[in-house]
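Those protein sequence lines, which keep their order, are chains H and Z.
To get our numbering, take the position in the first sequence, counting from 1, and add 2.
To get our numbering, take the position in the second sequence, counting from 1, and add 5.
Notes for the one structure printed next.
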Amino acid sequence: MGRISALARYMGMLAAVVGVFAGLLLAAPAVHATTAPPPASESTAPESSTEATAQDSEDSGGDETSNGAEYQDRISGVLRNAGAPVAGVTIKASGNGYEAETETAENGSWSIGVPEQGAYEVELDESTLPEGVALAEGQQNPRTVTFAGTSNITTLFLLGEGIVLQGDTFGTKLIERAVAGLSFGLLLALSAVGLSLIFGTTGLTNFAHGEMVTFGAVLAFGFSALGLPLWLALVLAVVGGAGLGYVQDAGLWRPLRRRGTGLVPMMIVSIGLALALRYTILFFFGGATQQLPDSQSPMLELGPVSISRNNLVSLVVSLVVILIVAALLLRTRIGKATRAVADNPPLAAASGIDVDRVIRIVWMAGGALAALGGILWAYYRPGVSFNMGQQILLLIFASVTLGGLGTVFGALIGSIIVGLFVEISTLWLEADLKYVGALLIMILVLLVRPQGILGRRERIG
Amino acid sequence: MDFGNILLGAVNEFFTPTTAAYALAALGLAVHFGYTGLLNFGQAGFMAIGAYGFAIPTLSFNAPLPVALLIAMLASVAFAVLLGLPTLRLRADYLAIVTIAAAEIIRYVVTTNGLTEVTGSANGLAAFEGGFYSLNPFAPGQYNLGPFSLNERDLWIRVVAWTVVALACLVIWLLVRSPWGRVVKGIREDENAVRSLGKNVYAYKMQALIIGGMLGSLAGIIFTLPRGAVQPANYGTELTFFLYTALLLGGMSTVLGPVIGAMIFWAVLSLTQGLLYGAIESGAITFLNTTQAGQLRYILVGVALMLLMIFRPQGVLGNKKELSFA
């Protein structure tokens, strides 16, 4: 009986969450045009097939050509001259038997959808540049761009005379990659700390953590599309993430723990949950990549390093949040209780700690941290899409395993190593192989030190 | 709505080469997980190794069919050994994370543009199936089997695919009844007890990993042959999870379970698609479009995987006592 009532309660909660979520996203498209960067031209019917659009572009130039708005894989960028956006410049993309073109919008942004990932040739039509504006020296045109695992790639055409790419020397490049890697690593750490806390207190390897990351970014997009100010949308998204953590624990994981379900079955249940959540998000959100407000940010020069404003903000925010989490864990009663439960749940229960309450709080904190990580990841990629969490799930696992499963500070160190490694490896490796290095490092570390950097030997049994 | 056709479409799914490939790969997982207790989340990687190991020699050095097959199997064994060396001494969840990571590494490597010459990067490879179809003993034409009409290529691949599945089932059935099978099941139940009997647990686990991996690679070849193309996007982590769903549907510690599970998996997918599309076309459902109907089916797969694991982990055929976990 208990099993059935737990299931019914879970379904009820799930329905409520899905309902709220659905309402939010159904409301979203109406206001979406005002918040997301508008596509340059709306001339094509979204149903047109690849062949049809390819024919279109052969038959006639100009406004009847597709900009591929119906596809979810996108090539995009922003065209600026001396800081001011340049509108009305034609940019073409071709490759894999497909061709599309677009014009830059008022804010200088442009985006071309392509039917599949692969290599594309992107050409800026220099005759459409305004008078007196030219491509900067050394800017390849046309150039080949390649998708590297994400559904969105950015390529920037720099305008004006004498502008050269920053960081020509190896040292500068290395520093810039390292700063970007630190920013990426810290945003990974947000999700990894949550995953590690959950693993530490319940033993569950949660494959649905990637969807908790996506959920935060999608919520942020939904709330901001409703017209809420950005800060409020982000705060609500993080609260929503904590809510998802609570619902998951109360509706699914706690009943399973009560039944005494083993860890391996729970892991497989989390895979089912991940699939269900991912496709539920796809169902309501759609397959397209959407941008959060202010996703394009200016580059800041800090001494020798140039870093985009968003990356810098992301770095500072994640650092502060992680320090707060660390302080809470080390200094407060509930933090102490959490560490006690992670160490030995029966002993913690025997010394009067409410284990279920601690686990519930850990799930909520994990959900909130994952949601925040998702928002920052959406700014880092950039873009919100239904599978964005799945893309970094393995990197989160790699971070946690590297640092030592179940150790919070290990997760932090592991994440920073993975982030640095991913970004710095692009100096030598092709960009589409950058995740391979991080995963290989994880496997190699397991060979030498299976318990991870900070893990204790008995944890691996 | 034409219920006859929808039902026929679902029945047809029982016998497609894709179902055979799923059955074979899930049988490999049954050896790993159901019998030995190894949590391999990288079966998609083994399938990719099989498909690319077969396609690359054929296209790059014109290898004849048996040689290409041999290379694919050797690559699969090598992959299993590489995976097993660092992880088989560790706890189950480590193996899970490492295998899933290794499968993704394979997918990233075959997708990278640096290797376009060899792997075709994101577009994959095509036109390597000539050697297989030149062995076709059936004369060109249409063959009518009950309500289904197949051309000679379709018939040939189906006959081969299901013969391979039947042979693999026989081999695995004999294996798990043999002393080897008893030791492996013992490892699943209590590794330390088996070790204390003087068995080399590590070696047995490695053998199980290799055997299941080879089945996965064979499945990868069967999966690509009717398509005439191998594309990296097909070998993502979701493929592995769908295989687990099929395996758990049928029963993970059984020989026929994975086969029946794969059949049910594809028939139910086809049935729900037929019913949903029919309902949308006839106007019975207006709040969905056909794309969303496709997505709805995969939500159902996820929910089904959860419910199966919670309420009937032994599957359709399985015996609750023979679970690798209590």
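Here a beta-carbon is modelled for each residue, glycine too, at the ideal position from N, C-alpha and C.
CB contact check: residue i to chain H, cutoff 9 Å
i             : result
residue 242/Z : yes
residue 286/Z : no
residue 53/Z  : no
residue 195/Z : no
residue 315/Z : yes
residue 122/Z : no
residue 331/Z : For residue 331/Z, the pLDDT reaches just 41, beneath the cut-off of 50, and the residue's location in the model is therefore unreliable, leaving the point undetermined.
residue 246/Z : yes
residue 297/Z : yes
residue 155/Z : no
residue 158/Z : no
residue 22/Z  : no
residue 250/Z : yes
residue 32/Z  : no
residue 291/Z : no
residue 92/Z  : yes
Contact list for residue i against chain Z, beta-carbon separation under 8 Å
i             : result
residue 432/H : 117, 118 and 119
residue 149/H : 127
residue 437/H : 109 and 113
residue 221/H : The contacting residues do not exist; residue 221/H stays about 19 Å from chain Z at best.
residue 207/H : 98, 101 and 102
Cutoff 9 Å: residue i Cβ touching any chain Z Cβ
i             : result
residue 197/H : no
residue 25/H  : Any reading at residue 25/H is ruled out, since the residue's pLDDT is 48, under 50, leaving its predicted position unreliable.
residue 392/H : yes
residue 203/H : no
residue 302/H : no
residue 216/H : no
residue 317/H : no
residue 399/H : yes
residue 396/H : yes
residue 48/H  : No answer about residue 48/H holds up, because its pLDDT of 36 lies below 50 and its placement is not dependable.
residue 340/H : no
Sequence-distant residues of its chain with Cβ nearer than 6 Å to residue i (five each side left out)
i             : result
residue 191/Z : 199
residue 224/Z : 26, 29, 30 and 52
Same chain, Cβ closer than 7 Å to residue i, neighbours up to 5 away in sequence not counted
i             : result
residue 29/H  : With a pLDDT of 43 at residue 29/H, under the threshold of 50, the modelled position of that residue is not reliable, and the figure given next carries that caveat. Contacts found: 228.
residue 62/Z  : 68, 72, 73 and 76
residue 241/Z : 49 and 112
residue 144/H : 123, 124 and 125
Beta-carbon proximity check, residue i vs residue j, cutoff 9 Å
i             : j             : result
residue 424/H : residue 439/H : yes
residue 299/H : residue 310/H : yes
residue 394/H : residue 404/H : no
residue 97/H  : residue 121/H : yes
residue 277/Z : residue 302/Z : yes
residue 314/H : residue 304/H : yes
residue 115/H : residue 87/H  : no
residue 134/Z : residue 233/Z : yes
residue 176/H : residue 317/H : no
Contact list for residue i against chain Z, beta-carbon separation under 7 Å
i            : result
residue 98/H : 128
Beta-carbon neighbours of residue i, restricted to chain H and to distances below 8 Å
i             : result
residue 308/Z : 274 and 278
residue 168/Z : None at all; the shortest Cβ gap to chain H is about 31 Å.
residue 318/Z : 267
Cβ shell of residue i (< 8 Å), same chain only, five flanking positions each side left out
i             : result
residue 327/H : 195, 367, 371 and 410
residue 272/Z : 15, 16, 18 and 19
residue 248/H : 362, 365, 366 and 369
residue 65/Z  : 123
residue 314/Z : 253
residue 377/H : 218, 219, 222, 236, 239, 240 and 294
Chain H residues whose Cβ lies nearer than 9 Å to that of residue i
i             : result
residue 104/Z : Residues of chain H passing the Cβ test: none, with the nearest at roughly 10 Å.
residue 63/Z  : The contacting residues do not exist; residue 63/Z stays about 22 Å from chain H at best.
Proximal chain H residues relative to residue i, where beta-carbon distance stays under 7 Å
i             : result
residue 300/Z : 281, 284 and 285
residue 304/Z : 278, 281, 282 and 285
residue 44/Z  : 266
residue 211/Z : Neighbours of residue 211/Z on chain H: none; closest Cβ ~15 Å, over 7 Å.
Under 9 Å from the C-beta of residue i: neighbouring residues of chain Z
i             : result
residue 258/H : 315
*Got a sec: which bits of the region 266-284 of chain H sit with their beta carbon under 8 Å from any beta carbon on chain Z, in order along the chain?*
Of all residues in the region 266-284 of chain H, 266, 267, 269, 270, 271, 273, 274, 275, 276, 277, 278, 279, 280, 281, 282 and 284 have a Cβ within less than 8 Å of some Cβ in chain Z.
Against chain Z, which members of the region 401-424 of chain H pass a CB distance test of less than 7 Å? Answer in chain order: 403.
Open item on the list: Against chain H, which members of the region 217-230 of chain Z pass a CB distance test of less than 8 Å?
Closed with: Cβ contacts with chain H come from no residue of the region 217-230 of chain Z.
*Name, going along the chain, the residues of the region 439-452 of chain H whose beta-carbon falls closer than 7 Å to a beta-carbon of chain Z.*
So the list reads 441, 442, 444, 445, 448, 449 and 452, given in the order they occur along the chain.
Positions along the region 98-128 of chain H whose CB lies within less than 7 Å of some CB in chain Z: Cβ contacts with chain Z: 98, 118, 119, 120 and 121.
Taking a cut of 7 Å between CB atoms, which residues from the region 252-284 of chain Z lie near chain H? Listed by position, the residues of the region 252-284 of chain Z near chain H (Cβ gap below 7 Å) amount to none.
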